[in-house]
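Quick note on numbering: this note's numbering labels position 276 of the sequence shown as 276, and the sequence is numbered without any gaps. Where is the CB? At the ideal position from N, CA and C, for every residue including glycine. Note sheet for the following structure.
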Amino acid sequence: MNKLYLLIPCLLIATHLLHAQQRRKAPGSYNAGNSQDAKFLEKQWWLGFKAGINFSGADVVTAYSALSPVNYTPSAKVYDNFGHPGVAAGLEVSFYYKGFSVSFQPAYRNAIFSYSTQYLWEDAGVPENRLELTYDQKQQIDYADFPLLFRYDITSTRLRPYVQVGAVYTVLIDATKSVTISGIDYASGGQNEFTNEPIIVGANQLFADYQWALVGGAGVNYHVGNIRVNLDLQYRKGMSLANSTENRYGNAQLAGVGDAMDDIKINSFIVTLGTLFPLRFLTKGYSSINLR
């Protein structure tokens with residue numbers, strides 16, 4: 001009888017161990033909770049801040065000049081495109097659904113570009129008596145941008161590269177223009193180089209109040225916990241004139257030094273770094289993405 005009492009507990013323990021082993025080997029069954037989680041993660045709202053730099057360049061449509069020489073053709077403006085960095089900063093609100101996103105990114109942008117013109121005055125009787133002048137003109141323009149972009153995530157991993165296209169509507173905030181005149185005077189008995197103090201004026205009236213551009217670009221999101229770190233690159237192709245055609249000669253001070261704005265469209269490269277936060281959660285410790 002004692003042996004029977006000892007055998008019963010041993011059988012119970014062995015049965016329990018065998019049942020546990022079978023449970024470990026059994027294939028995973030359908031879990032309604034996991035299915036709901038996966039469905040929840042198919043869409044997500046993101047909100048964040050981004051900042052960076054931009055480089056702008058002018059695409060000349062029609063050239064203009066305030067001076068009309070009678071015996072020679074004036075030299076064309078020489079543009080220093082994408083040579084001056086400006087700042088860019090703003091918000092991002094994005095809606096994600098199954099790899100596709102719609103992103104609205106209102107932002108402030110400071111666009112800078114410059115150009116120069118050269119003039120030569122010569123004594124017809126004494127060619128050595130001449131004056132060479134260079135006008136360096138720099139534009140700094142503050143814009144409010146309202147881009148709407150469509151993105152596609154190339155992968156569904158923690159590191160997610162993407163491509164994007166869209167359009168941006170731009171509103172003028174403020175603009176300034178500086179003109180620096182330098183040159184070489186050969187007519188005063190030698191080779192005298194000089195540089196005048198720059199003329200700096202408000203130039204809002206020289207630029208269009210509104211414009212728009214097409215956007216193409218790429219970037220990458222990296223997920224750190226529930227936070228998304230974003231590196232974004234955009235190229236914007238201006239589709240409307242950035243200058244005001246009605247006020248081309250509207251600034252008397254600039255017209256007096258021979259300046260007239262060309263009809264231009266502004267193109268830009270923009271690089272930003274940002275941080276985004278998810279707006280939809282299941283639980284406090286819930287992950288905002290599904291790493292597949």
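Give every residue of the same chain whose Cβ lies closer than 8 angstroms to the Cβ of residue i, excluding the five residues on either side of it in the sequence, and list them in chain order.
| i | result |
| --- | --- |
| Gly48 | Leu91, Glu92, Arg228, Asn230, Gly274, Thr275, Leu276, Phe277 |
| Phe205 | In the sequence on display, residue 205 carries Gln and not Phe. Cβ within range, chain order: Ser244, Asn247, Gly250, Asn251. |
| Ala167 | Pro147, Leu148, Trp212, Ala213, Leu214, Val215 |
| Ser116 | Lys77, Val78, Asp80, Thr134, Tyr135, Asp136, Gln137 |
| Gly99 | Tyr152, Asp153, Ser156 |
Whose C-alpha, out of the options, is nearest the C-alpha of residue i?
| i | options | result |
| --- | --- | --- |
| Ile112 | Ala66, Phe55, Val61 | Phe55 |
| Lys265 | Ala63, Trp45, Glu42 | Ala63 |
| Arg196 | Ile181, Trp121, Ser156 | The residue you asked about is not Arg; residue 196 is Asn in the sequence shown. Of the candidates Ile181, Trp121, Ser156, the one whose C-alpha sits nearest the C-alpha of Asn196 is Ile181. |
| Val271 | Gly238, Gly86, Val61, Val60 | Gly86 |
| Val224 | Lys43, Gln105, Glu122, Thr157 | Thr157 |
| Gln105 | Val165, Ala124, Ser114 | Val165 |
| Ser114 | Leu159, Gly57, Ser75 | Gly57 |
| Thr155 | Trp121, Asn110, Tyr222, Gly125 | Tyr222 |
| Ala51 | Val257, Gly125, Asn110 | Asn110 |
| Ser240 | Thr170, Trp121, His84, Ala255 | Thr170 |
| Ile53 | Phe194, Ala88, Tyr96, Val126 | Ala88 |
| Gln234 | Tyr96, Glu122, Phe150 | Phe150 |
Per DSSP, which residues does residue i bridge with? Please list them.
| i | result |
| --- | --- |
| Thr275 | Phe49, Val229 |
| Phe150 | Val102, Val165 |
| Arg130 | Glu122 |
| Asp136 | Ser116, Thr180 |
| Val224 | Ile227 |
| Val78 | Ser116 |
| Val171 | Ala144, Tyr210 |
| Gln234 | Gly217, Ile270 |
| Glu193 | Ile184 |
What whole-angstrom Cβ distance do residue i and residue j have, given they're in contact under 8 angstroms?
| i | j | result |
| --- | --- | --- |
| Tyr293 | Gly219 | The shown model of the chain, from 1 to 292, leaves out residue 293, and the question about it has no answer. |
| Ala66 | Asp263 | No, Ala66 and Asp263 are not in contact; Cβ-Cβ is about 14 angstroms, not under 8 angstroms. |
| Ala296 | Asp145 | Residue numbering for the chain in the displayed model covers 1 to 292; residue 296 lies beyond these limits and cannot be assessed. |
| Arg236 | Ser188 | Going by Cβ atoms, the distance from Arg236 to Ser188 rounds to 47 angstroms, so no, they are not a contact pair. |
Leaving out five residues on either side along the sequence, give the residues of the same chain with a beta carbon under 6 angstroms from the beta carbon of residue i.
| i | result |
| --- | --- |
| Leu133 | Tyr119, Gly183 |
| Ser94 | Trp46, Ser101, Ser103 |
| Asp209 | Leu172 |
| Asp185 | Leu131, Asn192 |
| Ser178 | Lys138, Pro198, Ile200 |
| Val60 | Asp262, Ile264 |
| Asp232 | Gly219, Thr272 |
| Phe82 | Phe55, Gly57 |
| Glu122 | Arg130 |
| Gln253 | Val201 |
Sorted by chain position, which residues of the same chain lie with C-beta nearer than 7 angstroms to residue i's C-beta, five sequence neighbours on each side aside?
| i | result |
| --- | --- |
| Phe207 | Ile141, Leu172, Ala175, Ala242, Asn243, Ser244 |
| Glu128 | Tyr186 |
| Leu159 | Val220, Tyr222 |
| Ala32 | Summary for Ala32: the model assigns pLDDT 42, below 50, so the residue's position carries little reliability; its value from the coordinates is reported in the next sentence. For Ala32, where only same-chain residues beyond five positions count, there are no Cβ hits under 7 angstroms. |
| Arg23 | Annotation note: pLDDT 48 at Arg23 (below 50); position unreliable, no value reported. |
| Tyr97 | Glu42, Lys43 |
| Arg280 | Gln44, Trp45 |
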